[in-house]
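Remarks on the structure that follows.
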Amino acid sequence: MKEVIHTPVKALEEEEYHINMGPQHPSTHGVLRLVVSLQGEIVKSLKPHCGYIHRGIEKMCEKDTYPQIIHLTDRMDYLSAHINNHGVCLLVEDALQIEVPERVKYIRTIIDELTRIQSHQLWWACFGMDLGGLTCFFYGLRDREKILDIFEESCGSRLLHSYYTPGGLMWDIHPNFQKSVKDFIKYFRKKIKDYDRLLSGNIIFMERTKNVGHLSKEDAISYGITGPSGRASGFSCDIRKHHPYGVYDKADFREILFTEGDTYHRYIARMDEMHESMKIIEQLIDNIPAGDFSAKMKAVIKLPAGEYYQRVETARGEMGIYCISDGNKTPYRIKFRSPNFSNLGVLDHLSRGFKIADLVAIGASLDFVIPDIDR
Amino acid sequence: MASFIYDFSLLTKPIHEALYHWLPPVWALIAEMTLIGLIFLLFYAVVGLFLVYAERKVCAFMQNRVGPNRVGPYGIFQTIADFIKLLMKELIMIKNSDKLLFNIAPFIVIIASFMAIAAIPFAKGLHAIDFDIGILYVIAVSSLGVVGVLLAGWSSNNKYSLIGAMRSGAQIVSYELSVGLSLITIVILAGTMQFSAIVEGQANGWFIFKGHIPAFIAFVLFLISSTAETNRGPFDLAEAESELTAGYHTEYSGIKFAFFFLAEYMNMFIVASIAATVFLGGWMPFHVSSWTGFNNIMDYIPPFVWYFGKTAFVIFLMMWFKWTFPRLRIDQLLTLEWKYLLPINLVNILVMAFIVLMGWHF
Amino acid sequence: MDQDKLKERITALVPEAEFEENKQFLTAFIPAGKLHTAAQNLKEAEDTAFDYLFCQTGVDMTKYLMVVYHLNSTKHGHSVVLKVKADDRVNPAIDTVCDIWRTAEFLEREIYDLLGIHFNNHPDMRRIFLDENWKGHPLRKDYKDEVNIVEL
Amino acid sequence: MKEADFLDNATLETFKHTGGNVLLTTIDDVIDWGRSNSVWPLTFATSCCGIEMMAAGASRHDFARFGIEVYRASPRQSDLIVVAGTIVNKMAPVLKRLYDQMSEPKYVIAMGACAVSGGPFYYNCYHVVRGVDHVIPVDVYIPGCPPRPEALLYGVMQLQRKIKLATIADVKRIQK
Amino acid sequence: MNNFFKYFAEIYTGVKSLLIGMGVTGKYFFSPGQIVTQQYPENRKTLKMYDRFKGEVIMPHDANNQHRCTGCGICENNCPNGSIEIISMRIETPEGKKQRIIDKHIYHLSMCTFCSLCVKTCPSNALAFGQEFEHAVFDRAKLTKILNQPGSTILKGIEE
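Quick look at the structure:
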């Protein structure tokens with residue numbers, strides 16, 4: 604007698620439904636491509652495909668002198684352009700053991716914090732827009748223009764400044780700098796209340812973000828999630844606290860730490876960081892010492908042969924610069940440890956089991972800047 | 096009564112009688128229908144263009160900017176420019192799409208909204224057709240639009256469109272209930288489903304005031320659920336731009352897209368006029384009983400001013416919602432309907448029925 | 220744990236480890252074969268607890284290829300740098316550490332893409348930035364591309 | 003803005019046509035007026051210039067005044083693609099495809115140094131397209147790194163001038 | 536019963552938060568004074584850039600059509616992406632000395648990233664930043680500029 608073989612009927616099984624988010628998609632904030640496999644509206648798994656803006660900056664840096672590298676780090680994470688440049692400058696200064704004037708340190712720290720605020724403002728604007736609250740976009744960018752004005756007054760451009768150079772600054776700050784910064788803080792303290800009223804307290808917003816995309820502390824460390832996203836999970840990773848640079852050791856500020864690690868707390872962490880940044884600026888703005896705006900530098904900067912590592916805290920997390928020098932005026936190998944690249948790795952882990960709408964919220968709460976992922 | 100000076104049946108009746116006098120009844124009917132159709136087409140275009148412009152200006156002012164202001168004075172010709180452009184834009188045929196359904200879907204959407212307009216009274220004697228069951232008709236017709244949306248999403252052969260269409264289907268099917276129930280609350284109060292009778296019933300006070308709290312609750316519920324039914328923010332899941340690029344009409348271009356675009360605004364206009372008619376007294380002026388002088392002054396304001404004023408107010412509320420709130424998620428959308436709106440609605444009907452039974456309303 | 224103690228600890232774990240002097244962090248060369256066990260031990264042992272891989276870099280040293288691991292302990296706050304050589308330039312291969320630190324999954328794909336170092340047991344060893352059919356690995360020092368590169 | 007105030011008038015002359023019958027030119031005028039005043043851009047940004055494009059759409063500079071705030075996420079419904087940012091080799095086919103998906107008439111603005119010529123990534127770089135005009139035809143080039151929002155608005159006005167020169171006959175020829 | 540009150544408390548807090556949100560947008564809607572829009576082409580006459588604004592690189596010439604550029608090529612070397620090309624030539628001065636002067640200072644505006652390294656490192660301060668930002672053109676070739684004006688000479692006293 605022949606054995607009857609039972610084969611499961613395939614016809615009724617559900618097929619996997621793949622959709623392709625990006626490279627051109629409003630909520631991927633650039634040219635990231637996410638291949639999402641869905642079951643109904645629920646994300647089963649997700650594969651990020653990057654490289655749609657891979658420009659080979661690390662390779663280009665091998666041909667550039669150190670002052671020239673500044674203009675490339677600007678264009679990696681363009682929303683923390685100043686902070687990226689700060690990292691390169693610190694790397695060169697530490698390697699050459701140059702003591703930069705106190706004035707430079709103060710100015711750099713203030714401008715770094717302004718950069719952080721404007722980055723978070725833009726993030727808030729886009730976060731609101733991704734959740735469908737289109738007006739947030741306009742309020743965030745409206746207030747961001749005030750900071751861009753301050754930058755333009757002193758640095759000469761709005762977004763990419765190349766204002767820091769190894770050893771100091773391109774030129775001194777504008778005489779109006781202190782006044783306009785103080786005006787801005789007064790203005791923004793008022794406006795940030797609108798942010799809370801419009802979005803943070805909104806019932807729809809809370810329903811959409813609370814308990815969505817939970818990330819535990821262990822996972823945050825293992826995935827290397829830094830910045831506000833990591834700190835929302837309880838991973839104390841603030842480089843400004845742990846390895847202070849600039850004059851962060853002289854400023855009194857709080858490292859924002861939460862333990863919940865969901866989308867809502869990633870949001871709150873960034874909102875609180877804006878308050879902390881304003882606090883730091885307020886402490887420093889009146890105490891900028893007089894002095895030179897740059898240390899004496901040689902015309903051609905050559906780093907002694909060796910290895911250097913420099914960490915700075917950008918608006919999105921820990922930015923590391925690993926540089927191997929062979930004594931020439933160009934680096935032998937330079938590697939940028941970009942925070943977004945590590946943060947991208949966790950997206951699959953976070954969004955599994957949630958809906959597409961949640962995927963958009965989670966992605967927005969991790970605050971990607973795609974050119975920083977691809978470099 | 097002074098309001099008779101604005102009785103449009105004095106104008107429409109002679110035309111009607113003249114037509115029937117000069118033409119055989121069939122031709123007279125056809126001529127009447129053509130006339131009304133043309134008038135509505137014109138009205139439709141004007142209202143659509145105006146609403147698009149109004150939306151852009153309203154959102155601009157909410158966002159601290161000025162909005163369109165370079166095309167004509169204050170940018171009033173902006174939407175006309177948009178319309179001319181969309182008219183002349185290439186129509187793309189999608190490969191592997193269902194050609195017939197793909198082409199027919201925008202027409203279904205626009206015809207559904209077109210049909211609903213017919214039953215709405217703009218002023219005394221100024222409506223196309225006065226059904227006995229006007230409210231039922233409007234509810235039935237306005238939910239036809241979802242067929243077009245579903246067909247559009249399905250026939251485009253695009254995954255985003257399909258998800259958008261499915262969302263839209265789930266959304267409209269469930270919110271239809273709330274819309275119906277909140278209107279029924281007023282039907283209980285008015286005792287009729289005929290629009291003209293409902294408006295007449297509000298001559299000495301709008302239903303939103305007459306019906307105490309239940310009428311107000313019904314108004315709010317109607318606002319929420321009709322916003323959802325027109326697929327507008329915060330319920331614009333079907334075209335959620337940040338998730339599904341453009342939802343069910345992703346693949347449409349040119350004038351077919353313009354149909355979807357216009358239909359959204361027309362649907363908004365229709366639900367706003369239903370809200371204005373049923374809750375806010377339609378073309379009926381604002382009357383306070385016993386203040387005869389005040390009432391007489393109010394009567395001199397033409398009824399269509401009242402009507403459009405009230406409609407504009409409701410439309411403004413809906414725009415205000417859209418430009419303030421973040422979008423809901425699909426499960427929250429359904430939770431809102433089945434856990435909150437529907438139970439409240441049912442209780443509300445009971446309360447209203449009780450009030451009417453006891454004769455506590457004004 | 221200070222540098223000397225760490226040094227002892229690593230020597231006990233991997234006797235072949237060679238240490239470099241005068242560096243910012245304690246730097247140790249680990250033979251490729253022992254990397255995975257050493258890394259696992261360093262992460263899981265209570266006294267070292269290197270749970271945070273904050274940078275992983277591939278370097279082309281012309282004679283050999285090298286992968287540099289920057290490790291940090293969030294608990295104790297100490298750091299160490301591990302270096303692993305891949306001598307074979309044609310088919311270099313190193314064990315993956317992405318089962319130990321999840322962040323390595325993408326970083327290793329990047330190194331594979333730009334330097335061509337293959338990571339054994341990696342779940343998804345594909346190019347991450349460049350197209351699958353891209354020829355060569357751009358960050359290698361001998362990379363030549365007459366079509367795409369315009370030299371200044 | 004008057005025509006004399008624009009800086010790049012010489013090139014525009016080469017686009018200009020002469021003659022045409024009265025009826026056709028009137029229709030042309032109406033259609034071109036519609037098209038030039040309703041340029042809906044595609045939400046497409048690759049890098050830094052995209053942020054300035056967003057800033058141009060925001061309250062301070064307000065794209066909406068020109069009637070072009072209707073950012074469409076679907077290429078089918080948009081008329082203009084502002085290439086804001088670097089286009090790399092991997093992205094180039096995608097960009098071409100996006101351009102092909104747009105319905106006629108369609109326009110392209112190359113915004114920023116990267117899109118105009120490759121900009122900072124022209125030399126020593128292995129993965130960047132040196133100018134987006136190698137991939138799709140560009141109507142207006144806006145240099146700057148990134149150009150400020152006013153520069154983008156100026157570029158859009160230049161594009162509007164160019165659109166106003168088109169005739170129906172032209173478009174038909176292109177479609178063939 | 537507890538659940539029952541919770542249900543209504545939820546509705547109350549929810550609606551309240553929504554109304555607060557509407558208050559924000561409503562406040563701005565009814566206060567047109569808050570509008571921050573700068574109307575660009577209309578305000579062209581009054582539009583003033585910050586004096587450090589980097590619009591383009593220019594070479595200032597004085598009234599006698601004289602500039603300060605010696606053609607040393609430092610800016611060309613320092614430019615990170617080759618936006619500057621210098622073509623110099625050797626002439627004989629009336630005194631019989633051989634001197635290098637600039638023939639063409641070619642500046643690719645299409646590639647410039649405004650990193651200000653050229654302006655900063657120029658030993659004779661020959662370069663500066665211009666305030667012009669209206670550069671949009673129909674033809675990319677127009678973005679390559681020659682900075683030294685035709686017939687211009689070097690200012691006396693600025694030698695290598």
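Residue numbers (this note's numbering), protein chains in the order written: chain A, 604 to 978; chain B, 96 to 457; chain C, 220 to 371; chain D, 3 to 178; chain E, 536 to 695. Glycine residues also receive a C-beta, built at the ideal position from the N, C-alpha and C atoms.
Straight-line gap, residue i to residue j (C-alpha atoms, nearest Å)
| i | j | result |
| --- | --- | --- |
| Tyr547 (chain E) | Phe540 (chain E) | 10 Å |
| His670 (chain E) | Ser38 (chain D) | 20 Å |
| Ser251 (chain B) | Asn299 (chain B) | 51 Å |
| Thr293 (chain C) | Glu863 (chain A) | 19 Å |
| Ser40 (chain D) | Gly132 (chain B) | 29 Å |
| Leu246 (chain B) | Ile203 (chain B) | 9 Å |
| Glu810 (chain A) | Gly114 (chain D) | 40 Å |
| Gln177 (chain D) | Arg579 (chain E) | Note that Gln177 (chain D) scores a pLDDT of 48, beneath 50, so its modelled location is shaky; the value from the coordinates is reported in the next line. The straight-line gap from Cα to Cα measures roughly 38 Å. |
| Leu358 (chain C) | Thr276 (chain C) | 11 Å |
| Ile110 (chain B) | Ala213 (chain B) | 18 Å |
Status (buried if at least 16 other CB within 10 Å, exposed otherwise) for residue i
| i | result |
| --- | --- |
| Met453 (chain B) | exposed |
| Pro311 (chain C) | buried |
| Lys282 (chain C) | exposed |
| Gly376 (chain B) | buried |
| Ala264 (chain C) | exposed |
| Phe317 (chain B) | buried |
| Trp122 (chain B) | exposed |
| Phe543 (chain E) | exposed |
| Met157 (chain B) | buried |
| Val400 (chain B) | exposed |
| Asp266 (chain C) | exposed |
Beta-carbon proximity check, residue i vs residue j, cutoff 7 Å
| i | j | result |
| --- | --- | --- |
| Ile460 (chain B) | Leu332 (chain B) | Shown here, chain B extends from 96 to 457; a query on residue 460 (chain B) therefore has no answer. |
| Ser832 (chain A) | Leu969 (chain A) | yes |
| Ile656 (chain A) | Val134 (chain D) | no |
| Gly665 (chain E) | Ile621 (chain E) | no |
| Arg800 (chain A) | Asn159 (chain B) | no |
| Gly36 (chain D) | Ile350 (chain B) | no |
| Thr256 (chain C) | Val300 (chain C) | no |
Whole-angstrom C-beta distance between residue j and residue i, which should lie under 8 Å
| i | j | result |
| --- | --- | --- |
| Glu152 (chain D) | Tyr575 (chain E) | 5 Å |
| Ile842 (chain A) | Val915 (chain A) | 6 Å |
| Leu146 (chain B) | Tyr360 (chain B) | 4 Å |
| Asp364 (chain C) | Phe348 (chain C) | Contact doesn't hold; Cβ gap of about 15 Å is too wide. |
Best match in the options for proximity to residue i [C-alpha to C-alpha]
| i | options | result |
| --- | --- | --- |
| Ser765 (chain A) | D:Pro122, D:Asn126, D:Val131 | D:Pro122 |
| Ser208 (chain B) | B:Phe226, B:Ser237, B:Lys184 | B:Ser237 |
| Lys677 (chain E) | D:Ala168, D:Ser119, D:Ser80 | D:Ser119 |
| Ala292 (chain B) | B:Thr372, B:Lys152, B:Leu239, B:Gly259 | B:Thr372 |
| Tyr563 (chain E) | A:Ser945, A:Met900, A:Asp797, A:Leu906 | A:Asp797 |
| His723 (chain A) | A:Val972, A:Asp975, A:Ala918, A:Gly966 | A:Ala918 |
| Met557 (chain E) | A:Ala854, A:Lys708, A:Cys739 | A:Cys739 |
| Leu239 (chain B) | B:Glu185, B:Asn362, B:Trp301, B:His111 | B:Asn362 |
| Glu591 (chain E) | E:Arg675, E:Asn660, E:Gln684, E:Cys647 | E:Cys647 |
| Glu910 (chain A) | A:Ser757, A:Lys901, A:Cys926 | A:Cys926 |
| Leu737 (chain A) | D:Ala60, D:Thr28, D:Ala168 | D:Ala60 |
| Lys785 (chain A) | A:Leu887, A:Asp667, A:Cys840 | A:Leu887 |
Interface flag, residue i vs chain H, CB-CB below 7 Å
| i | result |
| --- | --- |
| Thr648 (chain E) | Any reference to chain H falls outside this structure, whose protein chains are A, B, C, D and E. |
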